[in-house]
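J.: Starting off with a structure, shown below.
2 protein chains.
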Amino acid sequence: MSGLAREDYLADIYRLQCENPHDPVSTGSVADRRGVTAASATAMFKRLARDHLILYRNYGGVSLTPEGEDLALGVVRRHRLVERFLADVLHIPWQQVDAYADQMEHALPDEVVDRMEALLENPYTCPHGYPIPDKHGHLSQPDLVLLRDLPVGEQVRVARVNERVPGLLRYVEDLGLMPGSLLEVSARNPVDLNVTIETGGRTHILGLRVSESIWVERTGSRG
Amino acid sequence: MSGLAREDYLADIYRLQCENPHDPVSTGSVADRRGVTAASATAMFKRLARDHLILYRNYGGVSLTPEGEDLALGVVRRHRLVERFLADVLHIPWQQVDAYADQMEHALPDEVVDRMEALLENPYTCPHGYPIPDKHGHLSQPDLVLLRDLPVGEQVRVARVNERVPGLLRYVEDLGLMPGSLLEVSARNPVDLNVTIETGGRTHILGLRVSESIWVERTGSRG
DNA sequence: AAAGAGTTTTAAGCGTGTCTAAAACGCTTG
DNA sequence: CAAGCGTTTTAGACACGCTTAAAACTCTTT
Ligand SMILES: [Mn+2]
Ligand SMILES: [Mn+2]
Ligand SMILES: [Mn+2]
Ligand SMILES: [Mn+2]
Numbered sequence: 210m211s212g213l214a215r216e217d218y219l220a221d222i223y224r225l226q227c228e229n230p231h232d233p234v235s236t237g238s239v240a241d242r243r244g245v246t247a248a249s250a251t252a253m254f255k256r257l258a259r260d261h262l263i264l265y266r267n268y269g270g271v272s273l274t275p276e277g278e279d280l281a282l283g284v285v286r287r288h289r290l291v292e293r294f295l296a297d298v299l300h301i302p303w304q305q306v307d308a309y310a311d312q313m314e315h316a317l318p319d320e321v322v323d324r325m326e327a328l329l330e331n332p333y334t335c336p337h338g339y340p341i342p343d344k345h346g347h348l349s350q351p352d353l354v355l356l357r358d359l360p361v362g363e364q365v366r367v368a369r370v371n372e373r374v375p376g377l378l379r380y381v382e383d384l385g386l387m388p389g390s391l392l393e394v395s396a397r398n399p400v401d402l403n404v405t406i407e408t409g410g411r412t413h414i415l416g417l418r419v420s421e422s423i424w425v426e427r428t429g430s431r432g
Numbered sequence: 210m211s212g213l214a215r216e217d218y219l220a221d222i223y224r225l226q227c228e229n230p231h232d233p234v235s236t237g238s239v240a241d242r243r244g245v246t247a248a249s250a251t252a253m254f255k256r257l258a259r260d261h262l263i264l265y266r267n268y269g270g271v272s273l274t275p276e277g278e279d280l281a282l283g284v285v286r287r288h289r290l291v292e293r294f295l296a297d298v299l300h301i302p303w304q305q306v307d308a309y310a311d312q313m314e315h316a317l318p319d320e321v322v323d324r325m326e327a328l329l330e331n332p333y334t335c336p337h338g339y340p341i342p343d344k345h346g347h348l349s350q351p352d353l354v355l356l357r358d359l360p361v362g363e364q365v366r367v368a369r370v371n372e373r374v375p376g377l378l379r380y381v382e383d384l385g386l387m388p389g390s391l392l393e394v395s396a397r398n399p400v401d402l403n404v405t406i407e408t409g410g411r412t413h414i415l416g417l418r419v420s421e422s423i424w425v426e427r428t429g430s431r432g
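Residue numbers (our numbering), protein chains in the order written: chain D, 210 to 432; chain Y, 210 to 432.
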């Protein structure tokens, strides 16, 4: 009926589309993300296209139809709400909630999701800072800047940390850079692209890998 | 990997075994419970037997191996703990939690289950009164009596209500007979097997359908 | 002991979701 | 523009889990 793998494919297509809004989503990128072969992705594309959930042309990548996007947003909503629940109610470390939510997101009745949302007092984001779509698929899209691109001397708030970069969450936590933390870029090295930041009274030098995985929110205050 | 339907089959075999500890579990009973054809059950039996989770002889019914029982107890544990969670934390009516738990029970990582258990302060039973196996598969087996078989004049506590009898939970709730409620049988009709009970200052006459679906616990007090 | 009824298994088929290996495609480069 | 390379699709296969229809079995009843 609902289809188990379909939901993961749709949500991954959605996320890939968000990360790269200009290009169509390629077979290979979906296969990589899902951990399956390109042949498997192609087969799934045929089924999803047959059911009018994606647009698919041979060798031309895929995109979500409105119906497919609705379903994808539902999965993403469940995923991020469950992450919030696992972190806030069950106190599970934020490094683990993504994997757990990936398992649970397909088995949650709407009523359970809605009650969780109420219990959590309608959170705007998952523990990593990604927005949670509301019941109707709407989501807030705040103005965020990559830490990589932030000018020197402005105090900002950490808004989002890429949950899929291996080891990053643990590293970011050790540095005290969870969503909500305040920081300021005090220097940037134009050669190796390292950024020097001040946060919680300490100084850290972050490589590109890190600075391009953290989004910040301007606060309007000078450092 | 884990197998989705397998878990439901194992848990249903376990429950059928509990309900009727003498006979082996028949193909038809499992098929009925699962809502599939007998042919489907036979096919699943072959796979489960191949994987040493059940003993199966043609035309001879099935029984769980120790390994199969372990898995079954894990599913039952998750099922009943989730029911508790849904009822106590999310305040979902107890008529609905069985169906929801049936969906969720296959997608809960051990750590999530264990944390839920701690949050709930290690409950002994699900909201309907069925015991929750602990992490090692142990479960308390209290001395319960069917209301059908209870002698007149003894005050007892409702311990368990069969969650699979259609409409019963709603009916029992209206009568104020949730697990924990006190009642006393004031009369029994030997012809139609109705029992008359007193509870919460009111008198009700219960048919066999009801009285054979409610278990009670002796309190040692006379009414 | 044979017949009949009910249960169970077998046989054949279908959709999902995965794989490997081979063929087709498309883009870049000589 | 043709060669080559990386990507994508096709072809063929397999396990799971379900179905219907037919065959096989078991148990009861005459
Ligand atoms: Mn998932
Ligand atoms: Mn997240
Ligand atoms: Mn289930
Ligand atoms: Mn229950």
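No residue lacks a Cβ here, since even glycine has one placed at the ideal position from N, Cα and C.
1) Identify, in the order they occur along the chain, each residue of the same chain with its Cβ nearer than 8 Å to the Cβ of Gly270 of chain Y, setting aside the five sequence neighbours on each side.
2) Output, in chain order, the set of chain D residues within a Cβ distance shorter than 9 Å of Pro201 of chain Y.
3) Alpha carbon to alpha carbon, how far is Asn398 of chain Y from Asn371 of chain Y?
4) So, is Ser238 of chain D buried or exposed, given that buried needs 16 or more other C-beta atoms within 10 angstroms?
5) Does the region 309-320 of chain D touch the region 317-335 of chain Y, meaning 3 or more C-beta pairs lie closer than 8 Å?
6) Got a sec? Which residues, its chain only, sit under 6 Å from Phe294 of chain Y by beta carbon, not counting five neighbours each side?
7) Under 7 Å Cβ-Cβ, which residues of chain Y neighbour Pro318 of chain D?
8) Mind the definition here: the region 350-358 of chain D touches the region 348-357 of chain Y only if three or more C-beta pairs lie below 8 Å; say whether that holds.
9) Does the pairing of the region 214-222 of chain D with the region 249-268 of chain D give three or more beta-carbon distances under 8 Å?
10) Going along chain D in order, which residues have a C-beta closer than 9 Å to the C-beta of Arg324 of chain Y?
11) Establish whether the CB of Leu328 of chain Y and some CB of chain D are separated by less than 8 Å.
12) Who pairs with Thr408 of chain Y in a beta bridge, going by DSSP?
13) Which two residues bound the contiguous beta strand (DSSP E) that contains Ser272 of chain D?
14) From Leu377 of chain Y to Leu355 of chain Y, what does the alpha carbon distance come to, in whole angstroms?
15) Would you say His345 of chain D lies against chain Y (beta-carbon separation less than 8 Å)?
16) Measuring only between beta-carbons, confirm whether His315 of chain D sits less than 8 Å from chain Y.
17) Does DSSP put Thr236 of chain Y in a helix, a strand or coil?
18) Please state if the CB of Ala368 of chain Y and the CB of Pro336 of chain Y are separated by a distance shorter than 8 Å.
19) Pull up the CB-CB distance for Ala240 of chain D and Ala247 of chain D, whole angstroms please, since I reckon it's below 8 Å.
20) Residues of chain D with CB under 8 Å from Val321 of chain Y, in chain order?
21) Can you find a heavy atom of ligand 1 that lies under 7 Å from the Cβ of Glu393 of chain D?
22) Secondary structure at Ala396 of chain D, three-state DSSP: helix, strand or coil?
23) Does DSSP put Glu216 of chain Y in a helix, in a strand, or in coil?
24) State yes or no: is the C-beta of Pro342 of chain Y within less than 8 Å of the C-beta of Val291 of chain Y?
25) Please name the residue in Y:Pro360, Y:Gly283 and Y:Arg224 whose C-alpha comes closest to that of Lys344 of chain Y.
26) State buried or exposed for Ser420 of chain Y, treating a residue as buried only when at least 16 other CB atoms are found within 10 Å of its CB.
27) With burial defined as no fewer than 16 other Cβ atoms inside 10 Å of the residue's Cβ, what is the status of Val394 of chain D: buried or exposed?
28) Whose C-beta lies closer than 6 Å to the C-beta of Val404 of chain Y among residues of the same chain, with five residues either side of it excluded?
29) May I ask whether a heavy atom of ligand 3 can be found less than 7 Å away from the beta carbon of Asp401 of chain D?
30) Please say whether Arg357 of chain Y and Glu314 of chain Y have beta carbons closer to each other than 8 Å?
31) How should Leu392 of chain Y be labelled, buried or exposed, when 16 other C-beta atoms within 10 angstroms of its C-beta is the threshold for buried?
32) Use the C-beta contact count for Leu213 of chain Y: other C-beta atoms within 10 angstroms, 16 or more gives buried, fewer gives exposed.
33) Between the Cα of Ile301 of chain Y and the Cα atoms of D:His300, D:Arg243, D:Arg411 and D:Ala327, which residue gives the shortest distance?
34) With DSSP run on the structure shown, which of helix, strand or coil describes Gly293 of chain Y?
35) Sort out for me which residues DSSP pairs Arg369 of chain D with in a bridge.
36) Among Y:Tyr339, Y:Ser249 and Y:Glu407, which one has its Cα closest to the Cα of Arg224 of chain Y?
T.: The answer reads as follows:
1) Residue 270 of chain Y sits at position 61 when you count from the first residue of the second sequence. In chain order, Asp232, Pro233, Val234, Ser235 and Thr236 place their CB closer than 8 Å to the CB of Gly270 of chain Y, counting only its own chain and leaving out the 5 sequence neighbours on each side.
2) This structure cannot settle anything about residue 201 of chain Y, because the visible part of chain Y is limited to 210 through 432.
3) As a first step, residue 398 of chain Y is located in the second sequence; it is residue number 189 there, counting from the start. As a first step, residue 371 of chain Y is located in the second sequence; it is residue number 162 there, counting from the start. Between the C-alpha atoms of Asn398 of chain Y and Asn371 of chain Y there is a straight-line separation of about 22 Å.
4) Here residue 238 of chain D corresponds to residue number 29 of the first sequence, with the count starting at 1. Ser238 of chain D should be labelled buried.
5) The region 317-335 of chain Y is in contact with the region 309-320 of chain D.
6) Reading the second sequence from its first residue, position 85 is the one you call residue 294 of chain Y. So the qualifying residues of the chain are Met325.
7) Residue mapping note: residue 318 of chain D aligns to position 109 of the first sequence, counting from 1. Residues of chain Y whose Cβ lies closer than 7 Å to the Cβ of Pro318 of chain D are, in chain order, Tyr309 and Gln312.
8) Judged by pairs of C-beta atoms under 8 Å, the region 350-358 of chain D does not touch the region 348-357 of chain Y, as fewer than three such pairs exist.
9) Taking a contact to require three or more Cβ pairs closer than 8 Å, the region 214-222 of chain D and the region 249-268 of chain D qualify as touching.
10) Here residue 324 of chain Y is taken as the residue at index 115 of the second sequence, counted from 1. Against Arg324 of chain Y, the close residues of chain D are Leu295, Val298, Leu299, His300 and Ile301, in the order they occur along the chain (beta-carbon pairs closer than 9 Å).
11) Stepping through the second sequence from its first residue, residue 328 of chain Y is reached at position 119. Yes, because at least one Cβ of chain D sits closer than 8 Å to the Cβ of Leu328 of chain Y.
12) Taking the second sequence and counting its residues from 1, the one referred to as residue 408 of chain Y is at position 199. Note: Thr408 of chain Y sits in a beta bridge opposite Y:Arg411.
13) Your numbering for residue 272 of chain D matches position 63 in the first sequence. Unbroken beta strand (DSSP E) run through Ser272 of chain D: Val271 to Leu273.
14) Numbered from its first residue, the second sequence carries residue 377 of chain Y at position 168. Numbered from its first residue, the second sequence carries residue 355 of chain Y at position 146. Going by C-alpha positions, Leu377 of chain Y is about 15 Å away from Leu355 of chain Y.
15) As a first step, residue 345 of chain D must be located in the first sequence, where it is residue number 136. Judged by the 8 Å Cβ criterion, His345 of chain D is not in contact with chain Y.
16) The sequence position of residue 315 of chain D within the first sequence is 106, counting from 1. Yes, its Cβ sits closer than 8 Å to a Cβ of chain Y.
17) As a working note, residue 236 of chain Y is residue 27 in the second sequence. Helix at Thr236 of chain Y.
18) Here residue 336 of chain Y refers to the residue found at position 127 when the second sequence is read from its first residue. Here residue 368 of chain Y refers to the residue found at position 159 when the second sequence is read from its first residue. Not a contact, by the Cβ cut-off of 8 Å.
19) Numbered from its first residue, the first sequence carries residue 240 of chain D at position 31. Numbered from its first residue, the first sequence carries residue 247 of chain D at position 38. So it is a contact: roughly 5 Å between Cβ atoms.
20) Here residue 321 of chain Y refers to the residue found at position 112 when the second sequence is read from its first residue. By Cβ distance, chain D contributes Leu295, Leu299, Ile301, Tyr309 and Met313.
21) As a working note, residue 393 of chain D is residue 184 in the first sequence. No heavy atom of ligand 1 is found nearer than 7 Å to the CB of Glu393 of chain D.
22) Within the first sequence, numbered from 1, the residue matching residue 396 of chain D stands at position 187. Residue state, collapsed to three classes: strand.
23) Looking up residue 216 of chain Y in the second sequence gives position 7. Correct three-state label for Glu216 of chain Y: helix.
24) Taking the first residue of the second sequence as position 1, residue 342 of chain Y is located at position 133. Taking the first residue of the second sequence as position 1, residue 291 of chain Y is located at position 82. No, they are not a contact pair.
25) One-based indexing of the second sequence puts residue 344 of chain Y at position 135. Taking only the C-alpha atoms, the option nearest Lys344 of chain Y is Y:Gly283.
26) Here residue 420 of chain Y refers to the residue found at position 211 of the second sequence. Around the beta-carbon of Ser420 of chain Y, 16 or more other beta-carbon atoms lie within 10 Å, marking it buried.
27) What you label residue 394 of chain D is simply residue 185 of the first sequence in a count that begins at 1. Val394 of chain D comes out buried.
28) Along the second sequence, one-based indexing puts residue 404 of chain Y at 195. When the five nearest sequence neighbours on each side are left out, the beta carbons in the same chain lying within less than 6 Å of the beta carbon of Val404 of chain Y are those of Val394, Arg397, Leu415 and Ser420, in order along the chain.
29) Taking the first residue of the first sequence as position 1, residue 401 of chain D is located at position 192. No, ligand 3 has no heavy atom inside 7 Å of this Cβ.
30) Taking the first residue of the second sequence as 1, we reach residue 314 of chain Y at position 105. Taking the first residue of the second sequence as 1, we reach residue 357 of chain Y at position 148. At a Cβ-Cβ threshold of 8 Å, Glu314 of chain Y and Arg357 of chain Y do not count as neighbours.
31) Within the second sequence, the letter at position 183 stands for residue 392 of chain Y. That one is buried.
32) As a first step, residue 213 of chain Y must be located in the second sequence, where it is residue number 4. If you draw a 10 Å sphere on the C-beta of Leu213 of chain Y, you find fewer than 16 other C-beta atoms in it, and that means exposed.
33) Looking up residue 301 of chain Y in the second sequence gives position 92. Put simply, of D:His300, D:Arg243, D:Arg411 and D:Ala327 the residue whose alpha carbon is nearest the alpha carbon of Ile301 of chain Y is D:Ala327.
34) As a first step, residue 293 of chain Y is located in the second sequence; it is residue number 84 there, counting from the start. Checking the sequence, you will find Arg at residue 293 of chain Y rather than Gly. Helix, per DSSP.
35) Within the first sequence, the letter at position 160 stands for residue 369 of chain D. Answer is D:Trp424.
36) Within the second sequence, numbered from 1, the residue matching residue 224 of chain Y stands at position 15. Nearest of Y:Tyr339, Y:Ser249 and Y:Glu407 to Arg224 of chain Y, Cα basis: Y:Tyr339.
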